[in-house]
Structure formats: C-alpha cells, structure tokens
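**Student:** All you need for the working numbering is the position in the sequence shown, starting with 1, plus 5. All C-beta atoms, glycine included, are put in the ideal place defined by N, C-alpha and C. None of the values given here were measured: they were computed from a predicted structure. Let me give you the structure first, and then I'll get to my questions.
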Amino acid sequence: MKENLLKFIGNDSGFGDKNNSAYFEQNNELFIIDCGYTVFNEIKNRFDFSVYNNINVIITHLHNDHAGSLSQFILYMWFVYKKQVNVICNCKYIREYLDITGTPSCAYELKNKLENLTFIKTKHTDYLDAYGFVMNINNKRILYTGDTCELESFSPYLNNINELYIDLSKFGGAHLKVDDVLGTLKDLKNKDVKIIPMHIDDKEYVLTLISKL
Ligand SMILES: [Zn+2]
Ligand SMILES: [Zn+2]
C-alpha cells in the first residue's frame, strides 16, 4: 500500500500520551502540523533540523494538545539552531499566545497563509476558533480537519481531494463522532479518497469501523 503523504508524530486524542501531530518534507522544507505539549520531546531528537531551508509549523488552534510546546520549539530552534520558525496560523490570539509564553518575535515569523494551503474555519468549541486546511503536496491534495465537531465546513472541498485526515472519536462532543459520518466516509472511499483517522480516543473502536468501510 502506498504511504500516506503525512507521517504522524502522534494521533491520540487530547488526554492521550502522544498529541495529534503530523509532518511532511517538501523542497528541503519541513512542515510540522500542530505542536502540542508532548510534541517537543517527540521531535527534538527525531530530525536533523540543520538540513532544512525552512522550518514551518502549521497550527490549527490553540488548545494545549495542539500548541502547548510551540513556544518551546521556537525557542529551541532559535537558540540551538539559530533558525527562525515560520508559524502558519489563522487563530485570533496566536500573537498574544506567543507573547505571553515568552517567545521573542525575532525567533519566528507569523503567517496566516501559505501558497498551496487554504485554511477552513470549522466548529470545535464555542470559546476557541479552530481551523482545518486543504493543501497540495507532491501533486496530491489533502484535507486536514484539525479538531472539529462537524464536516459541513469542509463539504465544498471533499470532492477534490486524495487524502482526508479526519478527527474521529467514539464519544463525539467537541469532536466528530465516527458513527455519524460513516456514510459520508464510505462515499468518499468509493471515490478513491484515502481516509486517515486521527485524534482518536478509542483506537480499537474507531479503527475497526474505518477498516470495514
Ligand atoms: Zn485536540
Ligand atoms: Zn481542540
């Protein structure tokens, strides 16, 4: 089976051992998607950061399991590798978040867009803005939902993708309940879209259902 375009650093839900985070490399650049509180320790020794022309971190929202070690990573890159991190994020309070966690603005560049990437605002919790995105990688198109409790925001994009990275949970709430979207996922699979569950609270339950699509 062909490998997915994104590799996971972790795919647990918010209270799991390894925060949901993924990465890919393109044109000598590293892209890390989300940087939750367990991620810094996972990536610190995993990459030789000196080989990349650019280090990019895409942040979907500011929950701790998605941004909790972002400041630490930026500081590490700045002081150890003398590199400025590109933070790609559309969240309203990202600048304030980095300020109050003691991240000097010289250590990073904040961008709210990227060529080939379109942020999609979604619903997750009432008190925090959250985004997924579509992005082209190696002539393929992926959709990454980030944390979401609904698929409607993404529906205009679903018919034109190769891989769907989707927040799926057994229990629902602030996350998509897998039972509620099985029909949609089945249709997408029939259209050759690869379904990749993430942020999973009960792996046995969710992955079994997805394997039967
Ligand atoms: Zn989360
Ligand atoms: Zn969240």
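Measuring CB to CB, does Glu-168 end up less than 8 Å from Ile-205?
**Tutor:** no
**Student:** Since Phe-54 and Lys-88 are thought to touch, with beta carbons under 8 Å apart, how far apart are those beta carbons, to the nearest angstrom?
**Tutor:** 7 Å
**Student:** Assuming Thr-123 contacts Ser-76 under a Cβ cut-off of 8 Å, what Cβ separation, rounded to an integer in Å, is found between them?
**Tutor:** Thr-123 to Ser-76, Cβ: 26 Å. No contact.
**Student:** Could you check whether the stretch 77–85 touches the stretch 143–152, counting it as contact only if at least three pairs of C-beta atoms, one from each stretch, sit closer than 8 Å?
**Tutor:** no
**Student:** Between Ile-37, His-129, Asn-46 and Val-85, which lies nearest to Cys-94 when the distance is taken from Cα to Cα?
**Tutor:** Ile-37
**Student:** Among Lys-12, Thr-213, Ile-60 and Lys-208, which one has its Cα closest to the Cα of Asn-33?
**Tutor:** Ile-60
**Student:** Spatial neighbours of Arg-100 within its chain, please: C-beta separation below 7 Å, excluding the five flanking residues on both sides.
**Tutor:** Leu-115
**Student:** Suppose the cutoff is 6 Å on Cβ atoms and the five residues either side in sequence are ignored; what does the same chain contact list for Ile-63 look like?
**Tutor:** Ile-38 and Ile-93
**Student:** Taking the alpha helix (DSSP H) that Ala-72 falls in, what are its first and last residues?
**Tutor:** 69–72
**Student:** Please list, in chain order, all residues of the same chain as Gly-137 whose beta carbon is under 8 Å from its beta carbon, the five residues on each side excluded.
**Tutor:** Thr-65, Phe-124, Ile-125, Thr-127, Leu-148, Tyr-149, Thr-150, Gly-151, Thr-153, Ser-158 and Phe-159
**Student:** Assuming Leu-156 contacts Thr-189 (C-beta within less than 8 Å), just tell me the rounded distance between them.
**Tutor:** Indeed, because the Cβ distance is near 6 Å, the residues count as touching under 8 Å.
**Student:** Kindly indicate which residue of Ala-179, Ile-171 and Asn-24 has the alpha-carbon position closest to the one of Leu-193.
**Tutor:** Put simply, of Ala-179, Ile-171 and Asn-24 the residue whose alpha carbon is nearest the alpha carbon of Leu-193 is Ile-171.
**Student:** Cβ of Asn-9 within 7 Å of any heavy atom in ligand 1?
**Tutor:** no
**Student:** Quick one: what's got a C-beta closer than 6 Å to Ile-47's C-beta in the same chain, skipping five residues either side?
**Tutor:** Looking at the sequence itself, residue 47 is Glu, so the reference to Ile does not match. In its chain, beyond the 5 residues on either side, Ile-14 have a beta carbon closer than 6 Å to the beta carbon of Glu-47.
**Student:** Can you pull the DSSP bridge partners for Phe-45?
**Tutor:** Looking at the DSSP assignment, Phe-45 forms no beta bridge with any residue, so it has no partner.
**Student:** Identify whether Ile-147 lies in helix, strand or coil by the three-state DSSP scheme.
**Tutor:** strand
**Student:** Taking C-alpha atoms, which residue in Lys-12, Val-44, Ser-18 and Asn-24 lies nearest to Ala-179?
**Tutor:** Ser-18
**Student:** So what's Ile-166 in DSSP terms, helix, strand or just coil?
**Tutor:** coil
**Student:** Using the Cα positions of Leu-11 and Val-198, report the straight-line distance between them to the nearest angstrom.
**Tutor:** 14 Å
**Student:** Quick check on Pro-202: does DSSP put it in helix, strand or coil?
**Tutor:** If DSSP states are grouped into helix, strand and coil, Pro-202 belongs with the strands.
**Student:** Determine the closest residue to Asp-185 out of Lys-196, Tyr-28 and Leu-173, with distance taken between C-alpha atoms.
**Tutor:** Minimum Cα distance to Asp-185 is reached at Leu-173.
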